Amino acid sequence: LDHLIYTLCEVAIPHFISRHHRQDLGFEGPDLALKHQMEVTKRAMLIPRSDLQLDPETRKYIVRSQSDPTNIFYEVDLDAYDCTCLSFPLIRFCKHIGAIQHHFPEAVIKIPVNTLAVPLGNDEDSLDTDPESDSPVAIDNLAHRLESLMFSCLNPPSVMTDKLRLAIISATRTLDVLHSDLALPPTILPPQKVKVAPNKHSDWEETKVAMHIGPVKSKKRKEEYDPYGGKERSGKKAKSDARDPPPLNVHSSSPPDDTLSNAAHSHY
Numbered sequence: 001l002d003h004l005i006y007t008l009c010e011v012a013i014p015h016f017i018s019r020h021h022r023q024d025l026g027f028e029g030p031d032l033a034l035k036h037q038m039e040v041t042k043r044a045m046l047i048p049r050s051d052l053q054l055d056p057e058t059r060k061y062i063v064r065s066q067s068d069p070t071n072i073f074y075e076v077d078l079d080a081y082d083c084t085c086l087s088f089p090l091i092r093f094c095k096h097i098g099a100i101q102h103h104f105p106e107a108v109i110k111i112p113v114n115t116l117a118v119p120l121g122n123d124e125d126s127l128d129t130d131p132e133s134d135s136p137v138a139i140d141n142l143a144h145r146l147e148s149l150m151f152s153c154l155n156p157p158s159v160m161t162d163k164l165r166l167a168i169i170s171a172t173r174t175l176d177v178l179h180s181d182l183a184l185p186p187t188i189l190p191p192q193k194v195k196v197a198p199n200k201h202s203d204w205e206e207t208k209v210a211m212h213i214g215p216v217k218s219k220k221r222k223e224e225y226d227p228y229g230g231k232e233r234s235g236k237k238a239k240s241d242a243r244d245p246p247p248l249n250v251h252s253s254s255p256p257d258d259t260l261s262n263a264a265h266s267h268y
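Position 59, counted from 1, in the sequence shown is what full-length UniProt numbering calls 59; the numbers after and before it change by one each time, with no gaps.
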């Protein structure tokens, strides 16, 4: 039992944690998005054509729900490549869009070749007259069209003509130009690490010279010779006026008066 617990805690759990990290970074494991898309495509084939209707006013498709056909309907916009179902945001694809692409292949947006071709002439005047040529709306519209084209290319034609091959080459060159123009600016890397010598913590003389520190000027402490003072000056915490020596006693130094002494002797 101890060996089993050790294997679980020290071998199995670290292995699966490392494997999970590699799968998150895309270095290991299957493509889960592609696998889910293939499963959704298979379920899309089961939706009958009668459950798909085109709204002539909004040009959007109304798809009847397979789980609740009488109460739930989903709205699919192929131009914006969007669906109101809850499973669409997972991989930006759902069975309702797949069913429309299967039953209505003519409804799939096909980008003409001449719209992706690089202009050979000077078209600056024509670009200036287009109000949406440099707006974010045009870039967003192009992104949706390329996304729709990507799903259309999942089932390529079995026979490829020379015209289609040249169109693909021209479109690839155009996409390279767009990618170079719309690419993000290069990442500014930090400078290289500078090696600094560690602090010695011992050579104070070199440090003192570098810091321009002069010699310390202080008075030499006077030793106290009081045998009971412990080499400490008595009264050092007293006020400054208390440290002055007391005045001389003048009366004690003068000789005594003779009259006072004679009176004292006669009294006794």
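All C-beta atoms, glycine included, are put in the ideal place defined by N, C-alpha and C.
Just so it is clear, the structure is predicted and the values come from calculations on it, not from any experiment.
What number of angstroms, rounded off, separates the C-alpha of residue 58 from the C-alpha of residue 86? Between the alpha carbons of residue 58 and residue 86 lies a gap of roughly 21 Å.
Pull up the distance between the alpha-carbon of residue 103 and that of residue 23, whole angstroms please. Approximately 36 Å between the Cα atoms of the pair.
To the nearest whole angstrom, what separates the beta carbons of residue 36 and residue 91, a pair I think is in contact under 8 Å? 6 Å
Kindly identify the DSSP beta-bridge partner or partners of residue 54. The partner list for residue 54 (beta bridge, DSSP) reads 61.
Where DSSP assigns a beta bridge to residue 76, which residues make up the other side? 61, 83
Can you tell me which of the three DSSP states residue 178 falls into? helix
Report the residue from 101, 68, 2 whose alpha carbon sits nearest the alpha carbon of residue 78. 101
Limits of the alpha helix (DSSP H) - the one that residue 10 falls within: No alpha helix (DSSP H) contains residue 10, which DSSP labels as neither H nor E.
Given that a residue counts as buried once 16 or more other Cβ atoms are within 10 Å of its Cβ, and exposed if not, what is residue 33? Counting every other CB atom within 10 Å of its CB across the protein chains shown gives residue 33 a total below 16, marking it as exposed.
Cβ of residue 83 within 8 Å of Cβ of residue 40? no
Secondary structure of residue 19, DSSP reduced to three states: helix
Check whether residue 52 and residue 63 have beta carbons under 8 Å apart: yes
Alpha carbon to alpha carbon, what distance is there between residue 143 and residue 198? Taking the straight line joining both Cα atoms gives about 54 Å.
In terms of residue numbering, what span does the alpha helix (DSSP H) encompassing residue 100 cover? Secondary structure note for residue 100: its alpha helix (DSSP H) is the uninterrupted segment 95-103.
According to DSSP, simplified to helix, strand and coil, what is residue 141? helix
With DSSP collapsed to three states, give me the class of residue 45. coil
Quick check on residue 107: does DSSP put it in helix, strand or coil? helix
Do the CB positions of residue 99 and residue 44 come within less than 8 Å of each other? yes
Unbroken alpha helix (DSSP H) run spanning residue 91, endpoints: 88-91
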